[in-house]
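Just below is one structure, and these are the notes that go with it.
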Ligand code: GLU
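Numbering (the numbering used here), first residue to last: 172 to 485.
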């Protein structure tokens, strides 16, 4: 049955922004490094890019922010491109049910992280992206990939954020050393984490991020150019991982309320794919108790309700 009424996405975004405006500032801004703690908690932006290329935005949708763990979707895509399904020897595909940086689980599972989106898993993926590269080349490859996907040349890494991550990343060093001790990292811990901290420090706006993620909503293709980023099957599988593992220990809740594959980051961003429809990015720095953007999650729930885009049915 086809829907005769086209969605007025701009009106939906305007309504969401209006309804959430009284709540701006809610949630707890990440404060483990000063660069994130300094962000104005009242920032809010949202961008929707449809598979036919239309862009709709509201609020601070063009202000770059630290994408943090959202980068893990793109390094996973790169690692799959380089190594194919072999990557699953190094990382699992199950939701973790524990904190994003848990070390206990890693010990139980002999250095094989549960999934590519918890920190240990993302570090293992970054190790695979490093294959055949110096850290500098790998960082360059990641930045080029983001620029290509977003079709924008001014996407940069915030080096101050990267340095600060490195200076305070004790737990990430612990996770990486642990994996290395199990023989599960091929490269020196400093190299792997050097790349990992830089990918987390990518600064992008909602508009850029939504454009970069569009291939996930468009069966693996950049719809306007027709270029294939990944196969249809691979796009579907990355979406499945985002749905089951993309929101730390709040992935079940996000699937329940929003019903779309998504990946969040501690910078307060969330990237979501509505397969066949659109790519959506939202940014609001205040986080909920699971470390996901509080108002960002709410905005996506409102969007899913209004559009009927949930993968579980309208
Ligand atoms: N750079 C952060 C870390 O590795 C990323 C955290 C996140 O966004 O989940 O601790």
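We put the CB at the ideal spot given by N, CA and C, even for glycine. From a predicted model like this one, the values you see are computed outputs, not experimental measurements.
Contact test: residue i Cβ vs the ligand GLU heavy atom, cutoff 7 Å
i, result
"residue 360", "no"
"residue 371", "yes"
"residue 239", "yes"
"residue 331", "no"
"residue 170", "Missing from the structure shown is residue 170; the chain here goes from 172 to 485 and no further."
"residue 312", "no"
"residue 436", "yes"
"residue 286", "no"
"residue 459", "no"
"residue 410", "no"
"residue 463", "no"
"residue 348", "no"
"residue 336", "yes"
Buried or exposed by the 16-neighbour rule on C-beta atoms within 10 Å, applied to residue i
i, result
"residue 193", "exposed"
"residue 379", "buried"
"residue 406", "buried"
"residue 184", "buried"
"residue 307", "exposed"
"residue 418", "buried"
"residue 354", "exposed"
"residue 305", "exposed"
"residue 329", "buried"
"residue 435", "buried"
"residue 340", "buried"
"residue 297", "buried"
"residue 483", "exposed"
"residue 172", "At residue 172, the pLDDT of 48 sits below 50, so the modelled position is not reliable; the number obtained from the coordinates is stated separately. Residue 172 should be labelled exposed."
"residue 301", "buried"
"residue 227", "buried"
"residue 486", "Residue coverage of the chain in this structure runs from 172 to 485, which leaves residue 486 outside it and unanswerable."
is_contact[residue i, chain B] using C-beta, thresh 8 Å
i, result
"residue 438", "Among the chains of the structure shown, chain B does not appear; only one protein chain is present."
Of the listed residues the options, nearest to residue i (C-alpha basis)
i, options, result
"residue 388", "267, 310, 481, 296", "481"
"residue 414", "265, 300, 330, 215", "265"
"residue 188", "469, 224, 233", "469"
"residue 202", "474, 456, 228, 226", "456"
"residue 241", "442, 349, 475", "442"
"residue 375", "317, 288, 301, 346", "317"
"residue 200", "284, 460, 394, 475", "460"
"residue 446", "216, 408, 473", "408"
"residue 400", "248, 230, 228", "248"
"residue 361", "438, 422, 295, 403", "295"
"residue 250", "291, 177, 320, 313", "313"
"residue 373", "391, 438, 397", "438"
"residue 395", "222, 181, 267", "222"
- Item | the region 426-441 touching the region 256-270, judged by at least three CB pairs closer than 8 Å | Here the region 426-441 does not lie against the region 256-270, with fewer than 3 beta-carbon pairs under 8 Å apart.
- Message: Check whether the region 203-213 and the region 377-388 are in contact - that is, three or more C-beta pairs closer than 8 Å.
- Response: Output reads no: the region 377-388 does not touch the region 203-213.
- At least three beta-carbon pairs within less than 8 Å, the region 460-469 to the region 176-195: Output reads yes: the region 176-195 touches the region 460-469.
- Message: Runs of 4 residues minimum, wholly inside the region 241-300: which ones carry the alpha helix (DSSP H) assignment?
- Response: Counting only runs of 4 or more, we get 242-254, 275-279, 290-300.
- Which runs of the alpha helix (DSSP H) spanning at least 4 residues fall entirely within the region 402-461, listed in chain order? The qualifying runs are 403-416, 422-428.
- Task: Inspect the CB distances between the region 321-330 and the region 444-456 and report whether three or more fall short of 8 Å.
- Result: Short answer: they don't touch.
- Message: Closer than 8 Å is the cut-off here; do at least three beta carbon pairs connect the region 333-341 with the region 362-373?
- Response: Contact holds between the region 333-341 and the region 362-373, because three or more Cβ pairs, one in each stretch, are under 8 Å apart.
- Message: Within 8 Å, do at least three Cβ pairs link the region 281-288 to the region 346-365?
- Response: The region 346-365 is in contact with the region 281-288.
- Query: Quick one: complete beta strand (DSSP E) runs, 3+ long, within the region 183-243?
  - Reply: Taking 3 residues as the shortest admissible run, the region 183-243 contains the following complete beta strand (DSSP E) segments, listed from N- to C-terminal end: 216-221, 226-230.
- Message: Restricting to runs no shorter than 4 residues, where is the alpha helix (DSSP H) found entirely within the region 321-400?
- Response: Taken in chain order, the complete alpha helix (DSSP H) segments of 4 or more residues contained in the region 321-400 are 330-339, 341-352, 360-371, 377-383, 385-388.
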